[in-house]
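S.K.:
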């Protein structure tokens, strides 16, 4: 009877037990929607594309942007916010409502802060992509609880510390991308179990230390492994060679690996071991990796010969063995790699002639054999098949003979480097057919003849180097057609003729070096010439004339070398406009006048040389000139100043006067005696002289040697005479008005001269007035003469100090009236 009574209770027990379980494993859609809206409110600037995430739209969650729902439960299965420029954190995200989430993608945003350990609540995740953000701190150990993960990416963040050992709990994971962070240690291999499905592992661009990560040898199914740009050391463990037989991509570059080069990977397609310290010979069994398409062993310590077995790599497209210690010659078997498009053997010790069989490489687009010891000529039959070449680099070898005309067949060339060889004969005119050429370097050879005009057809050319050859003839004026030219170096040849005026019109030109030739004529001075040069070198030629004013408009110039020519005239007074100038050399010319004091204010000037000219006066005292170097001023007998080996300047300043103590030899004692005699004569014939002045007029002229800048400052055309055209005599005073010869109504300067009658200091009085006039108008006066009479009764005041030394008159002349 009792058992009958207990029966209903037993029937109710399963119902009671079921009531203790949650009704659902997921949260209702509304709670998920509210969690997403709350998270969005923490975004710095929510993107407009997430406008559907709204409280007014709570019941339409599955139609929200970036949300994919489970069709059965209508709850969120995927969140994909990749590349939406969101600035936020994950600490504000409530993980609890999203226990059924399978995809979580935040790639390509601006998320910051740590990766919360609460992320482990997303236990059904198969894809977690937090790459290309700014997450910080360490990878949480709880990541090991996401055991359903197949794809895990923290690529390109700011994570640091150790990769947790718990990573090996992810037995289903296939892709792990931890590259481009600040991680320093990998999991302990002894505590690491096999990751049977892992095929893709990227740990590149971190700060990983110690030896090759031992746990990797337990990832037997790896096809992609990238450890590049870390600080890993030591040799590659033997287990890697035996266990990772499925590898197709292996990148060990930019580490400190040593020892034997890894080559036992039969399925390998890409081998990157550049920038390490692998040594010994390239193993002969490299030929067994027959699927190899790319080999990069740049900058290691590999020695010996290139193995002939490399010819077995018929799929090879890219081979870089640059910067090693390889020797011997190129094996002819290399020509069997007919799919090669890139071959780089530069900076080794490879010698011998180029095998003719290399002509079989008809797909080659970049060929770099520079800085070896290759010899022999470049045979036409060798290069005529290389019609796909874009870059040919043969510089720094011992090639000789002529450059073959067949070079014109390589019409896709953009870079041609043949410098530093022994090529001779003329530059072939066929080179003008290479219309896509950007860089042409033929310097340091034995080329002769003239520069072919066809070079000027290369309108894409940016860099033309022909220096240090035996080229003759003129610089073709047609060179102005090279509008893209940035670098032109024709130095150390035997070029003659003038510098083409059209050369100055190349507005892209930054470096111009015409030094060490036999060029004649003047420096082109057209408006806008050489506007953008940073380096201008025309030294060691036979150029003459003045330094053109246009030089001071090359505001970008860092280096200006006009030395060892026959330049004359003055150094431009406004050369200090070149505020970027670091090097200035005008030595070994015939320059006159002073070194402009304004040069001392040039902020970047570090080196200068004014030696062996005819310069006079004081050297600048400020800026870089405070520690003046004697050899920078030697060979100028008229210079004075504080540099060792120079005489002291004889003028002295006080509060009211500046005395002038040096007059040039042309204003010697005979001129002084003659002037005194004429003054005495003038006293006796005052009225006769005044009558002649009134009849003939009186002229003050700026001599032809005055710099063009003075004429420009006066508002006159170059070489126009400034004349004293009007003379007024009133009583004992002589009023002089200085006017332009062509514009008599325009008064430029001058004032009344008082006390016409000569007295002992009358000449000084006139000089001081002229000095004041020059100072008011901001001028420096050169060869200024006042002629008051002629035809046998010449009365001349030759202002010698101003004429020869071209001093700054307001500074060195007294300002008080006499």
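Residue numbers (mature numbering (1 follows the signal peptide of the UniProt record, and there is no 0)): -25 to -1, 1 to 793.
Don't be surprised by glycine CBs; every beta carbon is placed ideally from N, CA and C.
The structure presented is a predicted model; accordingly, all values stated were derived computationally and were not measured.
Counting only the same chain and skipping the five closest in sequence on each side, list residues whose C-beta sits under 7 angstroms from that of residue 238.
M.R.: Closer than 7 angstroms at the Cβ level, and outside the excluded window around residue 238, lie 258, 260, 261 and 264.
S.K.: In three-state DSSP terms, what is residue 421?
M.R.: Looking at residue 421 - three-state DSSP - the assignment turns out to be strand.
S.K.: Exposed or buried, which one is residue 402 when buried takes at least 16 other CB atoms within 10 Å?
M.R.: Classification for residue 402: buried.
S.K.: Just verifying my parser: in three-state terms, what is the DSSP assignment at residue 364?
M.R.: Residue 364: coil per DSSP, three-state reduction.
S.K.: Which two residues bound the contiguous alpha helix (DSSP H) that contains residue 358?
M.R.: That run of the alpha helix (DSSP H) goes 355 to 358.
S.K.: Kindly indicate which residue of 323, 346 and 304 has the alpha-carbon position closest to the one of residue 333.
M.R.: When each option's Cα is compared against that of residue 333, the closest is 304.
S.K.: Which residues in the same chain as residue 480 place their Cβ atom closer than 6 angstroms to its Cβ, once the five residues preceding and following it in sequence are excluded?
M.R.: Correct list, in chain order: 455.
S.K.: Give the straight-line distance between the Cα atoms of residue 484 and residue 452, rounded to the nearest whole angstrom.
M.R.: Approximately 15 angstroms between the Cα atoms of the pair.
S.K.: Under the assumption that residue 855 contacts residue 348 (Cβ atoms under 8 angstroms), give the Cβ distance between them as a whole number of angstroms.
M.R.: The structure shown does not extend to residue 855, since the chain is modelled only from -25 through 793, so no value can be given for it.
S.K.: Name, in chain order, the residues that DSSP records as bridge partners for residue 209.
M.R.: Residue 209 pairs with 232.
S.K.: Helix, strand or coil for residue 399 per DSSP?
M.R.: If DSSP states are grouped into helix, strand and coil, residue 399 belongs with the strands.
S.K.: Tell me the residue span of the beta strand (DSSP E) that contains residue 157.
M.R.: Residue 157 -> beta strand (DSSP E) spans 157 to 160.
S.K.: What number of angstroms, rounded off, separates the C-alpha of residue 561 from the C-alpha of residue 539?
M.R.: Roughly 8 angstroms between the two C-alpha positions.
S.K.: Between which residues of its own chain and residue 605 is the CB-CB distance below 6 angstroms, once the five residues before and five after are set aside?
M.R.: Contacts found: 618, 619 and 620.
S.K.: From the DSSP output, which residues share a beta bridge with residue 104?
M.R.: Residue 104 pairs with 80 and 128.
S.K.: Measure the C-alpha to C-alpha separation of residue 387 and residue 411 and round it to an integer number of angstroms.
M.R.: Their Cα atoms are separated by approximately 6 angstroms.
S.K.: Cutting at 6 angstroms between CB atoms, please list the residues of its own chain near residue 433, excluding the five before and the five after it.
M.R.: Excluding residues within five positions, the ones whose Cβ falls inside 6 angstroms are 412.
S.K.: Look at residue 580 and residue 594 and say whether their C-beta atoms are less than 7 angstroms apart.
M.R.: Cβ distance not < 7 angstroms, so residue 580 and residue 594 don't count as in contact.
S.K.: Would residue 40 and residue 77 qualify as a contact pair, given that the criterion is a beta-carbon distance under 7 angstroms?
M.R.: It is not a contact, given that the beta carbons lie outside the stated cut-off.
S.K.: Pull up the CB-CB distance for residue 405 and residue 382, whole angstroms please, since I reckon it's below 8 angstroms.
M.R.: Between residue 382 and residue 405 the Cβ distance is about 6 angstroms, and since that is below 8 angstroms, they are a contact.
S.K.: Return the chain-ordered list of same chain residues with a C-beta closer than 7 angstroms to the C-beta of residue 37, the five sequence neighbours on each side being excluded.
M.R.: The answer, listed in chain order, is 44 and 49.
S.K.: I need the straight-line Cα distance from residue 465 to residue 251, nearest angstrom please.
M.R.: Approximately 39 angstroms between the Cα atoms of the pair.
S.K.: Can you round the beta-carbon distance between residue 277 and residue 294 to whole angstroms, since I take them to be within the 8 angstroms contact cut?
M.R.: In fact, because the Cβ distance is near 13 angstroms, the residues do not count as touching under 8 angstroms.
S.K.: Between the C-alpha atoms of residue 290 and residue 311, what's the straight-line distance to the nearest angstrom?
M.R.: Rounded to whole angstroms, residue 290 to residue 311 spans 10 angstroms at the Cα level.
S.K.: Going by DSSP, what residue range makes up the alpha helix (DSSP H) through residue 11?
M.R.: From DSSP, the alpha helix (DSSP H) with residue 11 extends over 4 to 16.
S.K.: In chain order, what residues of the same chain have a beta carbon less than 7 angstroms from the beta carbon of residue 71, not counting five sequence neighbours either side?
M.R.: Closer than 7 angstroms at Cβ, skipping near neighbours: 96.
S.K.: Expressed to the nearest angstrom, what Euclidean distance is found between the alpha-carbon atoms of residue 272 and residue 162?
M.R.: Taking the straight line joining both Cα atoms gives about 28 angstroms.
S.K.: Express the C-alpha separation of residue 473 and residue 558 in angstroms, rounding to a whole number.
M.R.: Approximately 25 angstroms, taken between the alpha carbons.
S.K.: Secondary structure at residue 543, three-state DSSP: helix, strand or coil?
M.R.: Here residue 543 sits in strand by DSSP.
S.K.: Rounding to the nearest angstrom, what Cα-Cα distance links residue 391 and residue 371 in this structure?
M.R.: Going by the C-alpha atoms only, they are around 13 angstroms apart.
S.K.: Expressed to the nearest angstrom, what Euclidean distance is found between the alpha-carbon atoms of residue 160 and residue 138?
M.R.: The straight-line gap from Cα to Cα measures roughly 6 angstroms.
S.K.: With DSSP as the reference, label residue 462 as helix, strand or coil.
M.R.: The answer is strand: DSSP assigns residue 462 an E or B state.
S.K.: Looking at the structure shown, is residue 328 part of a helix, part of a strand, or coil, going by DSSP?
M.R.: Here residue 328 sits in coil by DSSP.
S.K.: For residue 144, name the three-state secondary structure that DSSP assigns.
M.R.: Residue 144 falls in the helix class under three-state DSSP.
S.K.: Threshold first: 3 residues or longer. Then list the beta strand (DSSP E) segments lying entirely within the segment 563 to 612, N to C.
M.R.: Listed in chain order, the complete beta strand (DSSP E) runs (minimum 3 residues) inside the segment 563 to 612 are 582 to 584 and 591 to 593.
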